[in-house]
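Line by line, the protein sequences are chains A and B.
Residue numbering for the first sequence follows our numbering, starting at 1 and increasing by one per position.
Residue numbering for the second sequence follows our numbering, starting at 1001 and increasing by one per position.
Ideal placement from N, C-alpha and C gives every residue a C-beta, glycine not left out.
Small disclaimer: the values here were computed from a predicted structure and weren't measured.
Report on the following structure.
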Amino acid sequence: MLSVTGVTGGYGDLRVLWDVEATVRPGRITVVLGRNGAGKTSLLSAVAGLLPTVSGGRIELDGQDLAGAPAHRRVRAGLALVQENKRVFRARTVEENLLLGGYTLGGFGLRGGARRAALEQAYERFPVLRQRRRALAGSLSGGQQQMLAIGQALMPGPKLLMLDEPSAGLAPSIVNEVLAMVAALRDQEGLSILLVEQRIEHALEIADDVAVMENGRIITAGPKSVFDDGAVIREVYLGRSGEELTTGNQ
Amino acid sequence: MTTVWAGLATGAIYSLIAIGYNVVLLASGTFNFAHAQLLMVGTFLAYTGAVTFGLPVLPTVLLAAAGVAVIALVEERVAIRPLLGRTDSHGTLITTVGAATVLDGLAAAIWGRQPLTVPSVLPDEPLTLLGGTVRPVDLALIGFTLVVGVGLHLWSRHTLTGLASLASAEDRDAASARGINVRLLGVGAFAVAGAVAGVFGLLVGARTYAVFDLGHSLALFGFVAIAIGGSGSQLGGLIGGFATGLVYAFAARYIGAAYPQIVVFGVFLLILFLRPRGLFGAALERRV
């Protein structure tokens, strides 16, 4: 269970998040919607500990406040982030990327103990990665890179998985595959997931909860059923001021 | 062949500088212009240990290694840490040059401006090897440099910490997001680079004397070594250093004692024109 309350932050003097509140229920998917520049990526960065400036607020994972912790400690606490643009280590091989994903797992040897088991699991999940394990990550296709990015984030066995536009830049046929896999992570493994996704209809299909961002604020949030008629979302993407929406929904 | 040995021995020093640049560059993304000065301090500490205190070899090496590692950590704390997390991260290009200048000045103030003779720890009787003569201490310098360069290369490819250092050089944020403590890694890199520079103080000093402005000339040739080998590649730096030393020695032998520097920089410019990433295709692209 992730609970973000009152988080404000940005890049030095430039504020991009204002008093943000968001929750992800255990074993559920919360989808964050909003136009470009609404602050979706910044929200994920703030939760992961990668936003340069965060002032105030709480970021709690299963009751543990992580707001002041550096990014690497949040990984140990069970947060995992798949950054946008399939951000794998392109100059390293597929297997090296996965092993780096398991950096926080115990054991001294590179392929020792828990890392070996997690690597095996990643290869079972994505057989194509086993075939290409000696290839440089930068030489993979877009879809394979996204699988690698997700496999890497899953290596330490996180409690919460955050995905930033996993379908961006992928062929339409692969988009469904990726989102179906995200749903399977919830259904079969009980992962809690925070998903930022531009393909609204696809994202809503697998969502349990929805949060809508505009100008660095969450303007409305709730179970997906609230958003079923599509009116709110149409208004967010096609325009009307956020204030009216807020008063209309709370 | 004697010229080859001389070139390799000088080249080993350039390789050491290149290796030091690479260790820090790979783990923290910073180019430490003061690394040659760290090696210079290493030669002085070796002098202090061996001559002033009259210590045996091993304690002298340990003293120099620990001393230079501490200085490198202070440099990281003062010249690098305050700039981390700032968007204009190229400030470290200037602060590390500042650290180099401070180290030059301190060395001149503490040990004076006259070159000091660092004793050779091995017999001075030259060996005849493969048709050339070479001092045992130079042979040791070449050998240990090879061991360190190849060792660091293997370490960075085959250990988790080594891979983490390559990963954080490639993408700091992405490395943090995988649970890697990039800041600690950067600090560790300074300590390792400093310790290596200290360990070699005795062997390098036996060849160059301990002198306060040693860093200047070594830094320049260290650059050439990096340019030849490609930044971020330990094997490249190793080969680049030896190649630079050989070019220098052969130019001095066959063109004239006044020309080796010009020839080396000619080669340097040629490589910058033809292969800006170095002959061994850099493992790391520098984003500016």
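Could you pull the DSSP bridge partners for leucine 163 of chain A from this structure?
Taking the first sequence and counting its residues from 1, one reaches residue 163 of chain A at position 163. DSSP lists A:Val82, A:Leu195 as partners of leucine 163 of chain A.
Should glycine 1179 of chain B be flagged as near chain A, meaning a C-beta pair shorter than 7 Å?
Working through the second sequence from its first residue, we reach residue 1179 of chain B at position 179. Among the CB atoms of chain A, one or more fall inside 7 Å of the CB of glycine 1179 of chain B.
Note down, in chain order, every chain A residue with its Cβ under 8 Å from the Cβ of alanine 1174 of chain B.
The count along the second sequence starts at 1 and reaches residue 1174 of chain B at position 174. Gln83, Arg87, Val88, Phe89, listed in chain order.
Do alanine 1027 of chain B and serine 1233 of chain B count as a contact pair if the criterion is CB distance below 7 Å?
Reading the second sequence from its first residue, position 233 is the one you call residue 1233 of chain B. Reading the second sequence from its first residue, position 27 is the one you call residue 1027 of chain B. No, these two residues do not count as a Cβ contact at 7 Å.
Helix, strand or coil, according to DSSP, for threonine 1159 of chain B in the structure here?
If you number the second sequence from 1, residue 1159 of chain B lands on position 159. Residue state, collapsed to three classes: coil.
Starting from methionine 147 of chain A and walking both ways along the alpha helix (DSSP H), at which residues does that stretch end?
Here residue 147 of chain A corresponds to residue number 147 of the first sequence, with the count starting at 1. It spans 142-154 - the alpha helix (DSSP H) in which methionine 147 of chain A sits, taken as one unbroken run.
Note the first and the last residue of the continuous alpha helix (DSSP H) segment covering alanine 122 of chain A.
In the first sequence, counting from the first residue as 1, residue 122 of chain A sits at position 122. Where alanine 122 of chain A is concerned, the enclosing alpha helix (DSSP H) stretches over 113-125.
Per DSSP, what are the beta-bridge partners of tyrosine 11 of chain A in this structure?
By 1-based counting over the first sequence, the position of residue 11 of chain A is 11. Its beta-bridge partners are A:Leu14.
For isoleucine 218 of chain A, which residues does DSSP report across the bridge?
Translated into positions along the first sequence, residue 218 of chain A becomes position 218. Paired residues: A:Met213.
Looking only at its chain, what residues have a beta carbon closer than 6 Å to the beta carbon of serine 1176 of chain B, apart from the 5 residues adjacent to it on each side?
Reading the second sequence from its first residue, position 176 is the one you call residue 1176 of chain B. These residues qualify, in order along the chain: Val1182.
Along the chain, where does the alpha helix (DSSP H) containing leucine 61 of chain A start, and where does it finish?
As a first step, residue 61 of chain A is located in the first sequence; it is residue number 61 there, counting from the start. No alpha helix (DSSP H) contains leucine 61 of chain A, which is instead part of the beta strand (DSSP E) from 58-61.
Starting from leucine 1016 of chain B, find everything on chain A with Cβ-Cβ shorter than 8 Å and list it in chain order.
Here the question's residue 1016 of chain B lines up with position 16 in the second sequence. Neighbours of leucine 1016 of chain B on chain A: none; closest Cβ ~25 Å, over 8 Å.
Determine the chain A residues that contact alanine 1164 of chain B at a beta-carbon separation under 7 Å, and present them in chain order.
Residue 1164 of chain B sits at position 164 when you count from the first residue of the second sequence. Ordered by position in chain A, the residues that pass the 7 Å Cβ test against alanine 1164 of chain B are Leu100, Tyr103.
In chain B, what lies closer than 9 Å to valine 75 of chain A by C-beta?
The residue given as residue 75 of chain A occupies position 75 in the first sequence. Under the 9 Å cutoff, chain B gives Ser1176, Ala1177, Arg1178, Gly1179, Ile1180.
Against chain B, with Cβ distances strictly below 7 Å, would alanine 48 of chain A count as a contact?
Residue 48 of chain A sits at position 48 when you count from the first residue of the first sequence. Cβ-Cβ to chain B under 7 Å: yes for alanine 48 of chain A.
Rounded to a whole number of angstroms, what is the C-alpha to C-alpha distance between glycine 1186 of chain B and leucine 160 of chain A?
What you label residue 1186 of chain B is simply residue 186 of the second sequence in a count that begins at 1. What you label residue 160 of chain A is simply residue 160 of the first sequence in a count that begins at 1. Distance between the alpha carbons of glycine 1186 of chain B and leucine 160 of chain A is about 28 Å.
When DSSP labels each residue in this structure, what does glutamate 21 of chain A get in the three-state scheme?
What you label residue 21 of chain A is simply residue 21 of the first sequence in a count that begins at 1. Strand.
Taking buried to mean at least 16 other C-beta atoms within 10 Å of its own C-beta, is serine 1156 of chain B buried or exposed?
By 1-based counting over the second sequence, the position of residue 1156 of chain B is 156. So serine 1156 of chain B ends up on the buried side.
With 9 Å as the limit, tell me which residues of the stretch 1088-1118 of chain B have their beta carbon closer than that to any beta carbon of chain A; keep them in chain order.
Listed by position, the residues of the stretch 1088-1118 of chain B near chain A (Cβ gap below 9 Å) amount to none.
Is there contact between the stretch 209-217 of chain A and the stretch 29-40 of chain A, where contact requires at least three CB pairs shorter than 8 Å?
Yes, they touch.
Give the secondary structure of aspartate 65 of chain A by DSSP, where H, G and I count as helix, E and B as strand, and everything else as coil.
Residue 65 of chain A sits at position 65 when you count from the first residue of the first sequence. The answer is strand: DSSP assigns aspartate 65 of chain A an E or B state.
Less than 7 Å separating the beta-carbons of leucine 98 of chain A and alanine 80 of chain A?
Indexing the first sequence from 1 puts residue 98 of chain A at position 98. Indexing the first sequence from 1 puts residue 80 of chain A at position 80. Their beta carbons are not under 7 Å apart, which means leucine 98 of chain A does not touch alanine 80 of chain A by this criterion.
Give the single residue among B:Pro1260, B:Leu1154, B:Ser1231, B:Gly1215 whose Cα lies nearest to the Cα of leucine 1103 of chain B.
By 1-based counting over the second sequence, the position of residue 1103 of chain B is 103. Closest by alpha carbon: B:Gly1215.
At the 7 Å Cβ level, is alanine 1167 of chain B part of the contact set with chain A, yes or no?
The residue labelled residue 1167 of chain B in the question sits at position 167 within the second sequence. Judged by the 7 Å Cβ criterion, alanine 1167 of chain B is in contact with chain A.
Using a Cβ-Cβ cut-off of 7 Å, state whether leucine 1025 of chain B counts as contacting chain A.
In the second sequence, residue 1025 of chain B corresponds to position 25, counting from 1. No, no contact with chain A.
Could you check if asparagine 253 of chain A is buried or exposed, using at least 16 other CB atoms within 10 Å of its CB as the buried criterion?
Limits of chain A in this structure are 1 at one end and 250 at the other, which puts residue 253 of chain A out of reach.
Extract the residue ranges of the alpha helix (DSSP H) inside the stretch 1047-1080 of chain B, only unbroken runs of 4 or more that lie entirely within it.
1057-1075
Give a yes or no on whether the minimum CB-CB distance between leucine 1160 of chain B and chain A is below 7 Å.
Taking the second sequence and counting its residues from 1, one reaches residue 1160 of chain B at position 160. It does; some Cβ of chain A falls within 7 Å.
To which residues of the same chain is leucine 50 of chain A closer than 7 Å at the C-beta, ignoring the five residues directly before and after it?
The residue labelled residue 50 of chain A in the question sits at position 50 within the first sequence. Cβ neighbours of leucine 50 of chain A beyond the five flanking positions: Ala71.
Since glutamate 1170 of chain B meets chain A, which of its residues come closer than 9 Å, beta carbon to beta carbon?
In the second sequence, counting from the first residue as 1, residue 1170 of chain B sits at position 170. Near glutamate 1170 of chain B (Cβ distances below 9 Å), the residues of chain A are Phe89, Arg90, Ala91, Arg92.
By how many angstroms is the C-alpha of serine 1231 of chain B removed from the C-alpha of arginine 1286 of chain B?
The residue given as residue 1286 of chain B occupies position 286 in the second sequence. The residue given as residue 1231 of chain B occupies position 231 in the second sequence. In this prediction, arginine 1286 of chain B has a pLDDT of 43, which is less than 50 and means its spatial position is unreliable; nothing more can be read from the coordinates.
So that I know if they touch, is there some Cβ in chain B lying closer than 7 Å to that of alanine 71 of chain A?
Taking the first residue of the first sequence as 1, we reach residue 71 of chain A at position 71. With 7 Å as the cut-off, alanine 71 of chain A counts as an interface residue toward chain B.
Is it true that the CB of glycine 56 of chain A sits closer than 7 Å to the CB of glycine 12 of chain A?
For the purposes of this step, residue 12 of chain A is identified with residue 12 of the first sequence, where counting begins at 1. For the purposes of this step, residue 56 of chain A is identified with residue 56 of the first sequence, where counting begins at 1. The answer is no: Cβ separation not under 7 Å.
Looking at alanine 48 of chain A and leucine 66 of chain A, is the spacing between their C-beta atoms short of 7 Å?
In the first sequence, residue 66 of chain A corresponds to position 66, counting from 1. In the first sequence, residue 48 of chain A corresponds to position 48, counting from 1. No.
Could you tell me the alpha carbon to alpha carbon distance between aspartate 208 of chain A and serine 3 of chain A, rounded to whole angstroms?
Counted from its first residue, the first sequence places residue 208 of chain A at position 208. Counted from its first residue, the first sequence places residue 3 of chain A at position 3. Each residue's Cα considered, the two are about 16 Å apart.
Report the CB separation of leucine 194 of chain A from threonine 30 of chain A in whole angstroms; it is logged as a contact under 8 Å.
Along the first sequence, read from residue 1 onward, the residue named residue 194 of chain A stands at position 194. Along the first sequence, read from residue 1 onward, the residue named residue 30 of chain A stands at position 30. The pair is a contact, with the Cβ atoms about 5 Å apart (cut-off 8 Å).
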